[in-house]
Every structure is written in structure tokens, then in C-alpha cells.
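Heads up, the sequence shown is in my numbering, so the first residue is 24 and it goes up one at a time. Just so it is clear, CB atoms sit at the ideal spot from N, CA and C, and this is done for glycine as well. Single-structure report; data block below.
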Amino acid sequence: MSRRDCSRRDFLRICGLATAVSACGPAVCGRAAEMKKPIFRFAVASDLHYGQVKTPFTETTENLVGWLNTEKKNKGLDLIILNGDLVHDSPKDYESLKNKHLKRLVVPYYTTKGNHDFVDENAPSTAQAWKKIWGHENNHVVKMGKFAFILADTSAPHDGGPYLAADLDWLKKQIAALSDADAIFVFMHIAQRKRGVQGWPKWGLKRQKQIVAGEAVMAFLESQKKVRAIFHGHDHNSTSRLISGGKPYFFDSHVGGSFGNRKGYRIVEIYAGGKMSTYQREGATGKVMNTHTL
Ligand SMILES: [Fe+2]
24 MSRRDCSRRD
34 FLRICGLATA
44 VSACGPAVCG
54 RAAEMKKPIF
64 RFAVASDLHY
74 GQVKTPFTET
84 TENLVGWLNT
94 EKKNKGLDLI
104 ILNGDLVHDS
114 PKDYESLKNK
124 HLKRLVVPYY
134 TTKGNHDFVD
144 ENAPSTAQAW
154 KKIWGHENNH
164 VVKMGKFAFI
174 LADTSAPHDG
184 GPYLAADLDW
194 LKKQIAALSD
204 ADAIFVFMHI
214 AQRKRGVQGW
224 PKWGLKRQKQ
234 IVAGEAVMAF
244 LESQKKVRAI
254 FHGHDHNSTS
264 RLISGGKPYF
274 FDSHVGGSFG
284 NRKGYRIVEI
294 YAGGKMSTYQ
304 REGATGKVMN
314 THTL
């Protein structure tokens, strides 16, 4: 077989491998290449801390928009989840974050509420306040085809300190209603385990009541076959994966704020047949910081 049988440059390596084992016609090469191409790609980025004093928050937010739009252009991107701490304590900053910056994202995006995402104290509820800003409530499910994305609030309305367990009853209802989903991904800004337990990172739950409730959230999610992964923000220094109950918990460092590991975002790629992989990309260099299968 000639390499000319493969019409796209990306396919050349696959065609070469196929040649070694058998005659590979264009159709075979095409199928092999399609198997290498994700059927769905999404990005997770957290902790923009837009508006935090003494940080270049305009620049870091613009960086994020550029990184993710470049992902869309180069490899395709179907969905973005911004996993909390979009602003830094001031509800007044949502408007400029949304209308000056995030509106230029060329991919649909959804948000979780982080502990620095204070909402209007006069709003009837956090759910209504969040919906007024972002078009969906602070506990929300996004469905795209056979994939479901659960966005769960783990923070107080106007107080950065009390880290909270997600609403377990709400989670149970949502997952019960997702029986037709092939895979479920859960996004919660704050890790649901106490700091240091089983190697969990620094900024997990603190108060005893919340620690007990958080363990119940984790135990439930870990019992759910279709839950493929849980994603957290909040820990600016955490970039990789932890395992509990057979489920992977991923962190993606941070985009803004005053401290933390190398800034970047996480990509998840889903392939036909259900295989998935994820890696974090350092924004400034494009370097892949770690890779895992789901
Ligand atoms: Fe946070």
C-alpha cells in the first residue's frame, strides 16, 4: 500500500503500522484513524479568581480564553466546565468576566460555584442568583448526547470559609434520572475529603459535620457504575489524580489567583467504545503535565 492511500497527514503513522501486518486499503486506514480520534473532547479549568487584587486577573483570564479557543481550533472541543472560583469575593465582577472575556469563548461553557463566588445577598436563593448570572442554577446537570455532566455546589453563598459537602439527596436524584447516559462526570469545586486523609490535598473539607457528609457523597459516587470521574478545583497546587473507591478524582491546578502550581487546564478525550483519557496542559507552554486513562 502506498502512503498516498491515506488522505490525511494524521493517518500516516496508522497506515504505516497497518502495512506491517496486512494489506491496508483506504477504508481500513480511515477506520483506524477514526478510532484514534476522540468522539468528544471537553476541558475543565478552575480558579480564575477574576478581580483579585494584586493579581493580573485580566491577563490570566484572557490567557484562558485563548488557550481554550486554540484547543477548539486545533483538536476540537465540545464543552468547557469552569469549576469554581470564577471571581474573588465580589459579585460585581461577574458581569465583566462574562461579557468582556468569557463571551469570546467559541465553545459552550458551564460553571460550578466556588467558595469565592459570592452571590447577591439580597437574592431569594443561591440557585436564583447563580441562574441570573450564568443561565443555570448552582446545582445543575448538562447532557450532551450520551454524556452527562453534574455540576454540584460545595460552597456557602457569601462566605469563603465553610467548605461544604455537596447535596447528596440532589446528587442521588440526578443520577437516578440519568439511566440512559453512557457516562457521568461530576464537578465539585471543593474536594469532599478531609485534608491528609488517604493523601487528599490541603484544601479539603474542615468541619466535622461536613467531613462526614463529604464522605457520604464520595461513597455514593463511588458506588455508581456510570460515574467515570470526579473533578475538583480549589487546590491550586494539585494537578493530577487521586483514587478512592475505584474512582478517579482529578485536579487541574488553576488559571488565576495569587498562588499555586503552573497555570493550565485539563482535557478529557472520549473515544468510540468508551475508552477515555485525560491530561493537564500547562497553558503557557502547551506542555502536557500528566496523562491518565479513565
Ligand atoms: Fe476555592
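Out of 235, 215 and 157, the CA that lies nearest to the CA of residue 226 is found in 215. For residue 257, the shortest separation between its Cβ and any heavy atom of ligand 1 lies below 7 Å.
Exclusion of residue 277 from the 7 Å shell around ligand 1 follows from its C-beta lying no nearer than that to any non-hydrogen atom of the ligand. In this chain, the alpha helix (DSSP H) harbouring residue 89 covers 80–98. Inclusion of residue 140 and residue 108 in the CB contact set at 8 Å is warranted, their separation being smaller than that value. Residue 264 is positioned such that its CB atom lies no closer than 8 Å to that of residue 207. Residue side-chain check: residue 74 keeps its Cβ at 7 Å or more from all non-hydrogen atoms of ligand 1. Within the region 208–253, the runs of alpha helix (DSSP H) that reach at least 4 residues and sit entirely inside it are, in chain order, 231–245.
For the pair of segments examined, the region 168–188 was found to touch the region 210–224: the number of CB pairs separated by less than 8 Å reaches three. DSSP places residue 151 inside the alpha helix (DSSP H), whose first and last residues are 149–157.
For the set 86, 94, 74 and 104, the Cα lying nearest the Cα of residue 67 is the one of 104. Of the residues 202, 163, 254 and 181, the one whose Cα lies closest to the Cα of residue 190 is 163.
Residue 271 has 266 as its beta-bridge partners, per DSSP. Looking at the DSSP output, residue 300 bridges to 292 and 316.
A straight line joining the alpha-carbon of residue 266 with that of residue 223 spans about 10 Å. Assigned with DSSP and collapsed to three states, residue 124 falls in helix. Residues 188, 189, 191 and 215 of the same chain have their beta carbon placed closer than 6 Å to that of residue 240, with the five preceding and five following residues left out of the count. Within its own chain, the residues whose Cβ lies closer than 6 Å to the Cβ of residue 314, once the five positions on either side in sequence are excluded, are 302, listed in chain order.
Taking all protein chains shown into account, residue 94 has 16 or more neighbouring C-beta atoms within 10 Å of its C-beta and is therefore buried. In this chain, the beta strand (DSSP E) harbouring residue 166 covers 163–167.
Shown here, residue 117 sits in a helix according to DSSP, grouped into three states. Cβ contact annotation for residue 113 (same chain, cutoff 6 Å, sequence separation greater than five): 74, in chain order. Nearest neighbour of residue 217 by Cα position, chosen from 235, 205, 200 and 293, turns out to be 235.
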